[in-house]
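Sequence positions in the sequence shown follow my numbering and run 0 to 78.
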Amino acid sequence: MENNKFALCIENKDCADLEKRKIYLILPDDDAEKEGYHRVVDESGEDYLYPQSYFVLISLPREAEEAIQVAKWNIGVDR
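As structure tokens, this is what we get:
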């Protein structure tokens, strides 16, 4: 579970598949990070690039990380 990055969505302008105030798992993508984007699995169930300015990186207790990861696996997001 270590090295997971989580972010709180604070903006969803023109992005119907992002919910403000929702926590998202940031998928590893070094190239996207360098260009100012985060790769996240949005409400469509697919992963897309969104501006980093739409998110605030957060730290979660281990139990919360595990609960989020289990929920992602249960809906078929195993990346």
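Just so it is clear, CB atoms sit at the ideal spot from N, CA and C, and this is done for glycine as well.
- Ranked by Cα distance from A6, the first of L48, G44 and H37 is H37.
- In the displayed model, I67 falls within a helix according to three-state DSSP.
- When DSSP reads this structure, K4 sits in a beta bridge with I25.
- Spanning the alpha carbons of D13 and F54 requires a straight line of approximately 15 Å.
- Per the coordinates, the alpha-carbon of E64 lies some 14 Å from the alpha-carbon of L26.
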